[in-house]
Each structure stands twice: as structure tokens, then as C-alpha cells.
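Heads up: the structure comes next, in C-alpha cells.
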Amino acid sequence: MGAFVIRRLYHGIYVVLGVTIVVFVVTRVIGDPVSAMLPMETSAAQRAAFAQQLGLDRPLYIQFIDFLADVAHLNLGESLWQHRPVTQIVFEKLPITLYLVGTAMALAIVLSIPLGIMAALKPGRIADRITVVLSLIGLSVPQFWLGVLLILLFAVDLRWLPTSGSGDVSHLILPALTLAVPAMTRILMVVRSSMMDELNTQHIKVAIAKGLPFRRVIGVHALRNIAIPVMTLAGWETVRALAGYSVVVETVFAWPGLGLAAVQAIERQDLILLQGIVFYVAVMVVIINIGLDLAQKLVDPRVKFG
Amino acid sequence: MFNAPQFGTTVSGRRRPGELTNALRALGRELWSDRVSFIGFLILLALVLTAVFAPLVAPFDPTAQSLRARLLPPFWLPRGTIAHLLGTDYLGRDVLSRLIYGSRASLGIGVSVVALAGSFGVVMGLVAGYLGGRTDSVIMRVIDTQIAFPGLLLALIILATIGPTPATVIVVLALNGWMVYARMTRGIVLSLRQMPFVEAAEMIGCKPRRVVFRHLLPNLTSPLLTLMMLEFARVVLAEASLSFLGLGVQPPASSWGLDVATGKAYIFNAWWLATFPGFAIALTVLAINLVASWARVTSDPQEREKRFARQLRALIGTNAAPRPAASAHASAGQNLLAIRDLVVHFHTRGGTLQAVRGLTLEVRPGEVLGIVGETGSGKSVTAQAIMGLINVPGEICGGDILWKGRSLLGPQGQSYAREIQGKEAAIIFQDPMTSLNPLLTVGTQIGEVLRHHLDLSGAAARTRTIELLSLVGITAPERRMAQYPHEVSGGMCQRVMIAMALACEPELLIADEPTTALDVTIQSQTLDLLASLQASLGLAIILITHDLGVIARMCDRVAVMYGGRIVEEGATAALFERPLHPYTVGLLRSTPRLAAQKQRLESIEGTPPNLLSPPVGCCFAARCAWAKERCTGNDPPRILKTDGRSASCWLLEDAATDYVLSDSGAQSHA
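Below is the structure:
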């Protein structure tokens, strides 16, 4: 198992390094950090002095090495907008995002698994039809629009829930629901199709032929075999929610997490903060992926750590 | 996300001319048969046409402002006008026109990204697949690394730096999406390289690359198209998200995502501004997804059957309908198992397959009955019917199955059946490796039978499991109990299956081709085991096989199946010595014998009957050397002889006394 973790870490380092290079190239090579940071009226001389002050006039590879060294020390610079260390901002906002994503994923899993199983057990009946329709809709609806519609319905028309911000649970409901729907849809589809395939396997037929009650055949035999693909997908969805969708949803609902901070950093041209957020998210994704792979290997007795 | 498209069976690269028109016609028929997807296709077509002919379709210029007509609601609300069907925005611009022109951005960017990412990805995949070696591992490394990038965030930071224009958006989205195409293409190339015909070509001197190339296109087209459709849907959503966040299409150009963003600010007093553009996105993506799903299902024959089976389930019920009582037979009281006129049908897209067409059989306690027949004769289906495993698309349409005189069909029958299955009657299958649940230990799977049927406690079940494993000749049973199926060899796995079947000391064991999947030496051991268990436990066995040698060795009585029914039945020795049915004669003749000198391998002329539309009259008549006119007109009934033998053949009825079937006809047996 140790070798496996080391190999995954090795791959993870590649990923983080890759992201770092991309971010570096984009911000310092393609983009002009000096113009981004200074107002337009500054003269050329002032810009040159500023660049020298920040060390932006040195050869690129030296800048990169310094950058890497800083990153290794978790010094991602200071936000131009908030004038605080980027690391501090990220660690402050991260739990808020995690709270939202966690709730959303829990909701998605809890709703999709029973529905998917029921749909597979009685194809053509009501649960199956609901599942198919829900899946198609859930896959096609843009998340930000879903959020806007929910706000329109529950906050504007019915006035049951607030439109935005965070605070108590009532603020959590709509954003969590919005974030949950696409993930729930995809998990639902996989649960349903995995269960359908599973019910056609030989070992399930044998379990039925043994006279076991259907409760056990489904609950112990079938469920265990679909757990792995479903778990894998749920993991991927969590990663996608954290790394991507949360940005959109937080913007719609003004949820003060990492995603909203990223968008605000863009609006304020604070490339340093944006850079830091991207880096930390990449690291988080790598860690979560390693954890998921490990969990998968642990649950499946067929796989050896090789 | 949908399951990744499977490239099912590999198709040959060569096509004949008429095939193309036939293929197109078949495509049209398929599209029409799936109405929902057809509607999706129509919607998509309408959207594409709207985007292309936007200047002709849109009532206004999307950038035309009118301060007088600001924030007008849709026409069906007060203050709305027909001129502005869906209302106007905060600058007085017509919403419908902006929607129409917005489709250009979404569809245009979508198509461009798919084309760009697709071409680049496929080329990379081809390079990786063909060249292999270092190139392949470098490309795979790049793909694996890039897939783990936080795509949206990187897109945001890149676009924020270089400035969002349609061109940069397309490039960035393409950069984010080429990996899937590369992976899929590489996978197809690699799987083609492993095909036997490529290896064979290599052996005769052809360069494998040329062979692979010729077969590449037909195998790549279908999954690639499906993937492109799915990606198209994803990119439309991605562009909408980018525009919503302000880093996609920029004002004053119209984009659906952008309009939702600006509309959101007016959500309290002008709800239509944010609603309609989003609806347009949803409709577009829905249409694309419908077409993509249709493409996926039609390109994979397995999926088509699955979908057919699902639709079927909604129509036909379960086997719970009570069956009409079959005629009583005198010996019903003595029999363990009695099957009367069993009829089993399978509903497929090509028609209804009549797998079992009126089967009558009895099994007495303690006897070993062999059922022999070729593939497709209905032997396994019969076994499954007894054990309650016939499910959609299969259906028991007639007849009855009686266990100790009580029916196993119908609603009451089924609950009785659940009681005896696994306890009084058990079954073992051909492939032991797939018959066990790979995620549960051997001990658990045997134990659950004991705990359910015999109500044993955990410890008692454990002890009994160890006993059973020893009974079937497995050494170190305590260790084996804790092992998983994949840790156990094939022969040992079959022993485990036998142990599991015998757990509750059943009175009948059905063995469906138990040794077919095993090596010859293991076959022998397994049969010996079954024989010794039968002798010591006195259980009845139904041994299903196509191997006459196994029958000769193990069985007291034999039933020969052909075309879904039993054509001959009797004691093994008598049947082998003097077969009554022409098919049995053919079977015995075609068995190669070691002792004889060089001989031609005999076979029965002709082919097995098509059970989708079985022939009128005797199903063997077409291949029978002794067939008469009567045989093709009427189905011969089961004719019972006094010595306990029976056959379904008109010859039996005609012959006054016992006869022998030879090349010159049915001759009297002296």
C-alpha cells in the first residue's frame, strides 16, 4: 500500500507542478502583471521601478524558481485587493465552501441512491419514469439558471427563503439544492444502470436460486457490487463541485466562499489572489483524488496494491 | 455523465455499395422508432437553422436600443405587446431577437470547440496508439495530469489575463476538453491492435499498422460521434457558465449566459430577462442530449436489447398469472418433480423465441436423470424455469411445474417455490467463477443459505459450513471460508458451489453443464464427487449436458431434448443400445469413438430449427432420414412404451413391435 500511495503522490506532484506552470506562464508571460497591478496613468518609469521592486525584471527561470520556493513555503503572496496574505484568505474561505459542497453532496447521494434502486427494480414504472425525466432535465439545465429560477420561485415569489448570502440554514437550502441537482442526476443514472446490469449477472441469479429473500439479494449482494462505481462517481462529483461548480453557484447566491472570492478577484484584477486560489484548489483536488483511489482499493478485495 | 461509449463488436472495414442505402434507411427507421429522440433531433435542427438564418428570423436587431420600450414584459402580460413577444430588457432591446442571435454564440462556439478539441484529441490518440513506447507514455502522462486540473478555474484565470474574445474562449475550452477524445481514440487503436486478425496479418507479413488503419474508421466513427454530441452539450453549458461569470462572450454581443447574468439584476421586477435565455440553453442541451443518447443506444446492439427488455417489462406482467391446471397423471403422487407441457417464450426485438415448447418430464426421488441436447435445445431454460429464474424478457406461457404434487407457478405457487428453492431443490451452474458474488467471502455465501433456510445461528452455520466444505473434498476448510471467489481455482470453485447447493440437504440437485467449463481431469474429479454424494445422500440429480460420455457414466435415465421439447426418454443403457428417435440415432452416431479405426466424423445433416418460427409438424423432420409426409404435417405426441421408454416420433406409433432404426428403415427387432 505504501508504494501505491507514493505513486499517486508522484502523480499528484506532476499535477500541482503542471498547474503552477500554467498559472505562472499565464500571469507573468502572457499577461502583464505590472499593468494589472498599477492604475493606467502611471508612467513608464514608474512601471519600470515597480517591476524592479517586485523582481519582475529578472529572467523568467529565476522568477519561476523563486515562485516555486515561495509556494513550497505556502507563501502565495499578498492579495492586491484585501492586502492580506493569500494563504490566510484561502484558509478562511475554504471551510465556508466545504460546508456548502458537503451539504450538497450529502443531499445528492441521499436522494439519488434510493430512487435509482427503485427505478432499476421496477423498470417502466413510476420510479423509473421519474428517474429518466429527472435525469434528462438535470443534465440539461445550466446550474446558474437553476439557481436563478429557485431564487425567483422561493425568494421572490414565495418569499420563503432569502435570496443570497450566508447565515443560518435558510441561506444554505437554495445554494445546496442548486449544487446538488446535476450531481444527483449523474449519480442517479449510474445507480440505476449499475443496478440494472447487476440484476442481470449470474451471481445474482444464483442468489435468487438459493431461495434468499429479495431484501437480502438487493440489500447485501447487489448493493455491495454497485457500491464501488457509485462511490467513485460520487467522489468525482465532489471534486468537480469543489473545483468548478461552486464558483458559479457561489456567484449566483453571493455565498462568501472560495468560488466567490475567485470571481471577485477577477473583477478586481487581483491576479495574485486568483493565482493562489487556483493553486490551493489544485492541491485539494489531488489530495481528494488520492483519498478516493485509496478508499476504492480498500473496499474492493479483488484489487491488489500493485 | 453518461457511461462512456462502448465500442461493442468490431466491424469489418469493407462495405458493399448497396449497404450504404440500406444503412441509411435502417437509420431512419431507428430514429423514428424512438420518438422522444426524434423530437430532440427536430429541436436541434430548428435551433441550428435559427442560428444560421438569424438575420432573417429575428424581428429586431439585437443591439437596437429603445429607451421608450424598456423593460416591457412578454406579450401575454399587461403592458406587453405582440411586437416584442418575449419582452424587452433594460436597454429596450428585444429579448426574442437577443435569444435568436444568442444561439449563434452558443452553437457556434460549441461546434468550433468540438471540432478543434476533437481533431486535436483524435490525432493525439492516434499518435499515442500507433507509435506506442515513450511517445505513448508521455502523451498519457500529459492527459492524466491535465485531466486532474481544475478546468473552470484555469479557464477563468487564462481568460482574465488574455481577455475574453470568441476566439480565446474557443481555444481555452478546446484545451480543457481534448483529453477525452485522445483517450478514447487511443483505446480503440490499442484494442484493434490486439485483435486476432491483426496478429494473423502480422504473421503473414502485413504491417499491423496498415491493417489497423483499414479497420480503424468504422470502429471509430460511432463512438466518436456519440462522444462529440455529449461534449457538444457540455461545451454549450461551459460557454454559458463562462459568459455568466463575465468571461465569455462580451456585451453588446448576445449570449444566453450573459443575458442571464444581466437579467439577474432585474429579477425582482423583470423576471423574464433571466428566465428565457436560460430556458433556451436548457432546451438546446436537452435536444443534444436526446440525440446523443439515441446515438449511444443505436450504436450498441446490447443497449438496444436492454432498452427493448425494459419497454417489455412495462407491458407484460410477471409469471404470477395462475396457469390452467394441467391434466393429472397417474404417477403424480410418487414423483419428486413433475413438469407438464411447459412452454417458455423469450421476447426479443426480432420476434418471440419459443425456447421450450411443451415439455413433460418426471423425476423420482433418488434417481439421476440426464438431459442431453445441443445448444439451443432448451435444456438450461428448463432448469431455470424449475428454479424460478425466468424473468423478462422470458415468460412461462403455459404448463405447470409440480414439486411433490404442488404447483410452483402462479401467485401461491411462487411463494411455495421461494421456500423450496435452495432448500429442497438446488442448482449449480456451468461457470462457477461468475456464480459467486466476488465481494463476499465463500463462507458468507454458504452461511447465508444455512441461516435463511435452516435458521442456524452464526456459530452453528460456521460449523456446518466447515462440514460441507470437507464433504466436497476441500482441504483446510477454515481457511477457504474466509477467502474470496477470485482467490479460488475453477475446480475448487465448483466444489464450493456443490457445497452451497447441498447445504440444506436438498432432495434434488440440478447440475447445468457442471463440468463444461473445467479441464478434463477436474471434470472427472467433479463427476466422481457428484456420484459419491448422490450415493451417500440419496439425492436426485438432473444432469444437463451435451456430452454423451458424461450421461453414460452418471445417469440412470436420459431425456433427449431437441427444438424445445423432449424427443426421447428412457433408461440410459437401453437408450444407448437401441435408440428409438432418429435424432438420438444421429447423436450417438456422431460421437467419435477412440477404439474405432480411422473414420469420418459423422454429423446430422441440416441445421437446428429456428425457434422464432418453429416448423409445423415434427421439428426434426427436415433433417430426418426416415421422415414421411405425416411428419411435416402433424406434431408427433409423446408415445409411451411399456418398458418405460418413450419417444415423440410417428415411427413409434406405426411399428407394432419393437424396432431398430437403420439405414434401410425401421426394422423389426428380433
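So the protein sequences, as listed, match chains A and B. Numbering (my numbering) for the first sequence: 408 to 713. Numbering (my numbering) for the second sequence: 885 to 1554. Even glycine gets a Cβ: it sits at the ideal position worked out from N, Cα and C.
Pair within 7 Å by beta-carbon distance, residue i and residue j
{"i": "B:Gly-1501", "j": "B:Thr-1491", "result": "no"}
{"i": "B:Glu-1453", "j": "B:Ser-1530", "result": "yes"}
{"i": "B:Gly-1254", "j": "B:Val-1240", "result": "no"}
{"i": "B:Met-1438", "j": "B:Val-1252", "result": "yes"}
{"i": "A:Gln-576", "j": "B:Ile-1041", "result": "According to the sequence shown, residue 576 of chain A is Val rather than Gln. In this structure, B:Ile-1041 does not lie closer than 7 Å to A:Val-576 by Cβ."}
{"i": "A:Gly-626", "j": "B:Lys-1307", "result": "no"}
{"i": "B:Leu-980", "j": "B:Gln-949", "result": "no"}
{"i": "B:Val-1096", "j": "B:Arg-1070", "result": "no"}
{"i": "B:Gly-1235", "j": "B:Leu-1496", "result": "yes"}
Residue-chain proximity (residue i, chain A), Cβ-Cβ < 7 Å
{"i": "B:Phe-925", "result": "no"}
{"i": "B:Gln-1367", "result": "no"}
{"i": "B:Trp-1287", "result": "no"}
{"i": "B:Leu-933", "result": "no"}
{"i": "B:Met-1271", "result": "yes"}
{"i": "B:Gln-1305", "result": "yes"}
{"i": "B:Ser-1291", "result": "no"}
{"i": "B:Arg-1379", "result": "no"}
Residue i, DSSP secondary structure in three states
{"i": "A:Pro-492", "result": "strand"}
{"i": "B:Leu-1057", "result": "helix"}
{"i": "B:Asp-978", "result": "strand"}
{"i": "B:Arg-1441", "result": "strand"}
{"i": "A:Gln-453", "result": "helix"}
{"i": "B:Thr-1236", "result": "strand"}
{"i": "B:Val-1276", "result": "coil"}
{"i": "B:Cys-1502", "result": "coil"}
{"i": "B:Leu-1245", "result": "strand"}
{"i": "B:Leu-1286", "result": "strand"}
{"i": "B:Ala-953", "result": "helix"}
{"i": "B:Ser-1291", "result": "strand"}
{"i": "A:Val-423", "result": "helix"}
{"i": "B:Gln-1305", "result": "strand"}
Outcome for residue i when other beta-carbon atoms lying within 10 angstroms are tallied against a minimum of 16
{"i": "A:Thr-658", "result": "buried"}
{"i": "B:Cys-1090", "result": "exposed"}
{"i": "A:Arg-465", "result": "exposed"}
{"i": "A:Asp-611", "result": "This sequence places Ile at residue 611 of chain A; Asp is not what is there. So A:Ile-611 counts as buried."}
{"i": "B:Ser-1211", "result": "With a pLDDT of only 41 at B:Ser-1211, under 50, the local geometry of the prediction cannot be trusted, and the value read off the model is given with reservation. Exposed: under 16 other Cβ atoms inside 10 Å."}
{"i": "B:Tyr-1446", "result": "buried"}
{"i": "B:His-1213", "result": "Legend: pLDDT at B:His-1213 = 43, less than 50; position of this residue unreliable, no value from coordinates given."}
{"i": "B:Thr-1019", "result": "exposed"}
{"i": "A:Lys-529", "result": "exposed"}
{"i": "A:Val-436", "result": "exposed"}
Residue-level contact to chain B via CB, residue i, 7 Å cutoff
{"i": "A:Phe-754", "result": "Since the displayed chain A opens at 408 and closes at 713, residue 754 of chain A lies outside it and no answer follows."}
{"i": "A:Tyr-687", "result": "no"}
{"i": "A:His-610", "result": "yes"}
{"i": "A:Val-548", "result": "yes"}
{"i": "A:Tyr-421", "result": "yes"}
{"i": "A:Lys-617", "result": "yes"}
{"i": "A:Phe-551", "result": "yes"}
{"i": "A:Ala-702", "result": "no"}
{"i": "A:Gly-664", "result": "no"}
{"i": "A:Asn-482", "result": "no"}
{"i": "A:His-628", "result": "yes"}
{"i": "A:Val-441", "result": "no"}
{"i": "A:Leu-681", "result": "yes"}
Nearest-angstrom Cβ-Cβ length linking residue i and residue j, presumed shorter than 8 Å
{"i": "A:Ala-511", "j": "A:Ala-587", "result": "4 Å"}
{"i": "B:Gly-1272", "j": "B:Val-1227", "result": "Going by Cβ atoms, the distance from B:Gly-1272 to B:Val-1227 rounds to 16 Å, so no, they are not a contact pair."}
{"i": "B:Ile-986", "j": "B:Trp-1140", "result": "According to the sequence provided, residue 986 of chain B is Gly. The question's Ile does not apply to it. Their Cβ separation, rounded to whole angstroms, is 5 Å, which keeps B:Gly-986 and B:Trp-1140 in contact under 8 Å."}
{"i": "A:Leu-665", "j": "A:Lys-500", "result": "5 Å"}
{"i": "A:Val-624", "j": "A:Ile-635", "result": "Actually they are not in contact, since the Cβ atoms of A:Val-624 and A:Ile-635 sit about 18 Å apart, beyond 8 Å."}
{"i": "B:His-1430", "j": "B:Gly-1257", "result": "7 Å"}
{"i": "A:Lys-704", "j": "A:Phe-498", "result": "About 30 Å; that fails the 8 Å criterion."}
{"i": "B:Ala-1166", "j": "A:Ser-542", "result": "Wrong, their Cβ atoms sit about 14 Å apart, outside the cutoff."}
{"i": "B:Phe-1004", "j": "A:Gly-425", "result": "The Cβ separation is near 18 Å, so there is no contact."}
Residue i at chain D interface by Cβ criterion, 7 Å
{"i": "A:Gly-572", "result": "The question asks about chain D, but that chain is absent: this structure's protein chains are A and B."}
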